[in-house]
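K.L.:
First to last, the sequence lines map onto chains A and B. Taking the working numbering, the leading residue of the first sequence gets 3, the next gets one more, and so forth. Taking the working numbering, the leading residue of the second sequence gets -8, the next gets one more, and so forth.
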Amino acid sequence: MTEELHQVTLSVNGVAHEVTVPARRLLSDALRHDLGLTGTHVGCEHGVCGACTVLLDGRPTRACLMFAVTAQGAAITTVEGLAEPDGSLGPVQQAFAECHGLQCGFCTPGFLTTITAGLRDNPTPTHEEAREMVSGNLCRCTGYQNIVKAVERAAELGRTAKDAS
Amino acid sequence: MKPAPFRYHRPATPAEAWETLAADPGAKVLAGGQSLVPLLSMRLASPPALVDINAVAGLDAIEIRDDGVHVGALVRHADLLASPEAGKVQPLLARALVHVAHPTIRNRGTSVGSLVHADSAAELPAVLALLGGSVVAGSVRGTRTVPAEQLFVGPLESSLRPDELALGAVFPALPEGAGVAFGEVARRHGDYALCGVAALVHGDTVKASYLSVSDVPTVVDLTGVPEEELGDVALQHLDPVGDIHATADYRAQLVRVLTKKVVRQARLDRLDDREAR
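1. Output needed for A8(B): all residues of its chain with C-beta closer than 7 Å, excluding positions within five of it in sequence on either side, in chain order.
2. Express the C-alpha separation of V14(A) and T22(A) in angstroms, rounding to a whole number.
3. Which residues of chain B have a Cβ atom closer than 8 Å to the Cβ of V71(A), listed in chain order?
4. Which whole-angstrom value describes the C-beta separation of L159(A) and A97(A), a residue pair presumed to lie in contact below a C-beta threshold of 8 Å?
5. With H, G and I counted as helix, E and B as strand and the rest as coil, what does DSSP make of L191(B)?
6. Would you mind stating whether E175(B) and G194(B) have Cβ atoms separated by less than 7 Å?
7. What's the C-alpha gap between H43(A) and Q105(A)?
8. Go ahead and label M33(B) buried or exposed: buried means 16 or more other beta carbons lie within 10 angstroms of its beta carbon, across all protein chains shown.
9. Between the alpha carbons of G107(A) and L121(B), how many angstroms are there, rounded?
10. Straight-line CA distance for T40(A) to D59(A)?
11. Could you give the C-beta distance for K198(B) and D212(B), rounded to a whole number, given that I count them as a contact under 8 Å?
12. For L67(A), decide whether its Cβ has a neighbour in chain B, counting only Cβ atoms nearer than 7 Å.
13. Please work out which residues of its chain come closer than 6 Å, Cβ to Cβ, to L28(A), disregarding the five sequence neighbours upstream and downstream, and give them in chain order.
14. Am I right that R125(B) and T136(B) are in contact with their C-beta atoms under 8 Å? What's the rounded C-beta distance?
15. For R255(B) versus V192(B), is the C-beta spacing smaller than 7 Å?
16. Answer with buried or exposed for L(-5)(B), where buried requires no fewer than 16 other C-beta atoms within 10 angstroms of its C-beta.
17. Report the residues of the stretch 178 to 205 of chain B with a CB closer than 7 Å to any CB of chain A, ordered along the chain.
18. So, at 7 Å on beta carbons, what are the nonlocal neighbours of C143(A) in its own chain, with the 5 sequence-adjacent residues on each side left out?
19. Using a Cβ cut-off of 7 Å, pull out every chain B residue sitting near P24(A), in sequence order please.
20. Candidates V107(B), A73(B), P153(B), A128(B): which alpha carbon is nearest D15(B)'s?
21. Roughly how many whole angstroms lie between the Cα atoms of A6(B) and L245(B)?
22. If you follow the beta strand (DSSP E) that R170(A) is in, where does it begin and where does it stop?
23. Just to confirm my understanding: we take L72(B), look at its own chain, exclude 5 residues before and 5 after, and list those with CB closer than 6 Å. What are they?
24. For a quick check, are the C-beta atoms of G49(A) and P29(B) less than 7 Å apart?
25. Tell me whether D234(B) is buried or exposed, calling it buried when 16 or more other Cβ atoms sit within 10 Å of its Cβ.
26. Identify which residue in V103(B), D206(B), A117(B), L147(B) has its Cα closest to the Cα of A172(B).
27. Quick check: what's the CA-CA separation for E114(B) versus K164(A)?
28. Counting only runs that start and end within the stretch 199 to 245 of chain B, where is the alpha helix (DSSP H) found for 4 or more residues in a row?
Here it is, written out as structure tokens:
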């Protein structure tokens, strides 16, 4: 039996991509294998680790818990879409670099997308809220302290950018 | 860790969805997929077809009616949690929803999907059972209302028929002068609870509903039970079992501690309500 294929338009980081995939293609695999956007990392593949988190219509969502065919019509943002238009680091990325919020970097894309949406919804998180923001993402290197610092630093950078504009 | 092949249907209307379910026996409904997709990926389930209802129109509304909060099948946990109207009409919803997994899962997972997945370790089935709510199901035979006490029939087993689509759920409004509370203990924030309790106090009536300590969401009538005996009376109706996360004894101890604490919170909630008026 040859598997039925589906034509899907995936809108990723503002660009529409046509892909032809079987229905069982996970969104995480479609992003990585079909579109070559390997910034989205795949860790546990069952929704626990958070490495594959992308923004689906602006909301953090596990790409490994969705099929690409279901994402038809949604606006997807991956870690590749978080840099500034000139290619420089976005505020959350900048904060991770400054605060040493990563070591091996495998979990980082999921943290960056989650925190980007988290700070959009709550630009001035308390320390507790910053911890809560990243509670659904696993990191095996850092011990999280510097990641929480990076959330708070990114909030600061966001405020500075707002004041400047 | 890849799902087995399946036929994929993407209906646009409820009628089209249940016609597809009838025409493709064995098909499962895909809504949020936060429980279904891991089951498929681990090949614990491999249905021949999925009916993806994410494009079905008219299932994403939260409506407040006289009898309570009506939640459509495509309402995500995060939307229900963020609804101030729903929180006002039935405060137990938000108090339980904050314990449902992590925010990222709540962004995609649906409240009605959680009900018909019928996991006795999940929060919302226990809430629906406690409140005496219901699920509305549609099929080629028409629509019917399934009360909570008839919905949960076994572990991960609801009484919906294979060709039925859950269209929505009704969480009854909190009666005036009643109080509610929710509490649970989990190994890690966002994990499945080792034990969870929802409580409702209305007049002299005291009821508690349990998760993770029985095969199906279990409601226990604790009316007239002295505070010190609440947990032990509840345990007569529950069956905590041991696993790698906790021993049966530890879960039983959590039933005692949480029942006392959550029932007390529900009583206070009732008093707060009275003072607010």
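For each residue, glycine too, the CB sits at the ideal point set by N, CA and C. Computed from a prediction, not measured in an experiment: that's the story for all the values here.
P.N.:
Reading off the structure:
1. P2, V42, I44, V47, L156
2. 15 Å
3. Y(-1), R1, D43
4. 6 Å
5. strand
6. no
7. 15 Å
8. exposed
9. 45 Å
10. 20 Å
11. 6 Å
12. yes
13. C66
14. The sequence shown places Ser at residue 125(B), rather than the Arg named in the question. Rounded, the Cβ-Cβ distance is 5 Å, consistent with contact.
15. no
16. This sequence places Ala at residue -5(B); Leu is not what is there. Answer is exposed; the Cβ neighbour count stays below 16.
17. H180, G181
18. Q105, C106
19. P(-4)
20. P153(B)
21. 45 Å
22. The structure shown does not extend to residue 170(A), since chain A spans only 3 to 167, so no value can be given for it.
23. A85, L88
24. yes
25. exposed
26. A117(B)
27. 40 Å
28. 221 to 226
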